[in-house]
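Some notes on the structure that comes next.
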Amino acid sequence: MVRIHPSILSADFVNLERDLEKIATADGVHVDIMDAHFVPNLTFGLPMVQRIAEVTRLPLDVHLMIDDPDTWAHQYAIDGVDSVTFHAEATRDAVAIARELRARGTRSAIAVKPGTHIDRVLEHLPEFDMVLVMTVEPGFGGQAFMADMMPKLRQLRDRADELGIELALQVDGGITDDTLPIAAAAGADVFVAGSAVYGHADPAARIDALREAGML
Ligand code: DX5
Ligand code: ZN
Numbered sequence: 001m002v003r004i005h006p007s008i009l010s011a012d013f014v015n016l017e018r019d020l021e022k023i024a025t026a027d028g029v030h031v032d033i034m035d036a037h038f039v040p041n042l043t044f045g046l047p048m049v050q051r052i053a054e055v056t057r058l059p060l061d062v063h064l065m066i067d068d069p070d071t072w073a074h075q076y077a078i079d080g081v082d083s084v085t086f087h088a089e090a091t092r093d094a095v096a097i098a099r100e101l102r103a104r105g106t107r108s109a110i111a112v113k114p115g116t117h118i119d120r121v122l123e124h125l126p127e128f129d130m131v132l133v134m135t136v137e138p139g140f141g142g143q144a145f146m147a148d149m150m151p152k153l154r155q156l157r158d159r160a161d162e163l164g165i166e167l168a169l170q171v172d173g174g175i176t177d178d179t180l181p182i183a184a185a186a187g188a189d190v191f192v193a194g195s196a197v198y199g200h201a202d203p204a205a206r207i208d209a210l211r212e213a214g215m216l
């Protein structure tokens, strides 16, 4: 199964309600939270996420690129938020955060930057409903896909299968019609796409094209 989550980082923040309508056929909305500390870019915080949840019916997939998710992550477990993803590099206790998210009825997800090993994620895999393997350095849209991250996806998919657990595997960064099938072949099933959706005149047609690329 191929799930397409457009990233609103590439949308028009001033016309966000309009731009959310353009992606109504997607499977979820990827919402990038950046704090200008964990990554060298800044977006918005919880009040925006609350409003986004009010104006779209799509499940929200919140990607926290922030320091200290141990303090902040659970606050994003609000109505309409399907999953909260925090970064392995930023956390003191990933398992505690994951358990808190699940206790609040939200799916737990952990992300790894390109330079981060997945050993500790593999060790605690049953604690997570999703793992996000970054295929660019987090911070900005429009960067090139890093194909050398594919072995991480394969390893995660194999381990999840061994353990018999249901695990969503997400990729974020440089996803296009050309790169999506590469990530799908390595085991990914949730695809974030910012510029490949919003960088074109017809975002809905782009969502269809990405879905199709994943089914070939
Ligand atoms: C980058 C963000 C991504 C970004 C992806 O740090 O996490 O979600 O929007 O943008 P594209 O799809 O343009 O690479
Ligand atoms: Zn993201």
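Under full-length UniProt numbering, residue 216 is the last one in the sequence shown; the count climbs by one each step, no gaps.
From the three backbone atoms N, C-alpha and C, an ideal C-beta is built for every residue, glycine too.
Quick caveat, the model's predicted, so the values are computed rather than measured.
Host beta strand (DSSP E) of residue i (start-end)
i	result
Gln170	Ala168 to Asp172
Pro6	Arg3 to Pro6
Thr85	Val81 to His87
Met150	That residue, Met150, is in no beta strand (DSSP E); its alpha helix (DSSP H) goes Met150 to Leu163.
Asp61	Leu60 to Met65
Val131	Met130 to Met134
Beta carbon of residue i nearer than 9 angstroms to that of residue j
i	j	result
Gly115	Gln143	no
Val62	His74	no
Ala193	Thr135	no
His94	Val121	It is worth fixing the name first, because residue 94 is Ala in this sequence and not His. Yes, the Cβ-Cβ distance between Ala94 and Val121 is below 9 angstroms.
Leu216	Val197	no
Ala53	Leu60	yes
Leu163	Val131	no
Leu9	Asp32	yes
Phe128	Ala109	yes
Ala26	Asp19	no
Phe38	Asp67	yes
Gly28	Val171	no
Distance, residue j Cα to residue i Cα
i	j	result
Pro151	Thr179	15 angstroms
Phe145	Val133	11 angstroms
Val55	Ile23	12 angstroms
Asp148	Val112	14 angstroms
Ala77	Phe140	24 angstroms
Arg92	Pro69	9 angstroms
Ala168	Ile4	12 angstroms
Gly105	Trp72	16 angstroms
Asp177	Gly214	8 angstroms
His30	Pro6	6 angstroms
Gln50	Glu137	27 angstroms
Ala201	Ala98	38 angstroms
Gly80	Leu58	8 angstroms
Leu125	Glu17	36 angstroms
Glu21	Met48	16 angstroms
N- and C-terminal bounds of the alpha helix (DSSP H) containing residue i
i	result
Ile52	Leu46 to Val55
Ser108	Premise fails: Ser108 lies in the beta strand (DSSP E), Arg107 to Val112, not in any alpha helix (DSSP H).
Val14	Per DSSP, Val14 belongs to no alpha helix (DSSP H) and is neither H nor E.
Leu210	Pro203 to Met215
Leu197	Residue identity differs from the one stated: residue 197 is Val in this sequence, not Leu. Unbroken alpha helix (DSSP H) run through Val197: Ser195 to Tyr198.
Leu180	Leu180 to Ala185
- Item | Sequence-ordered residues whose beta carbon comes within less than 5 angstroms of a heavy atom of ligand 2 | With the criterion CB distance below 5 angstroms from any heavy atom of ligand 2, the matching residues run Asp32, His63 and Asp172 along the chain.
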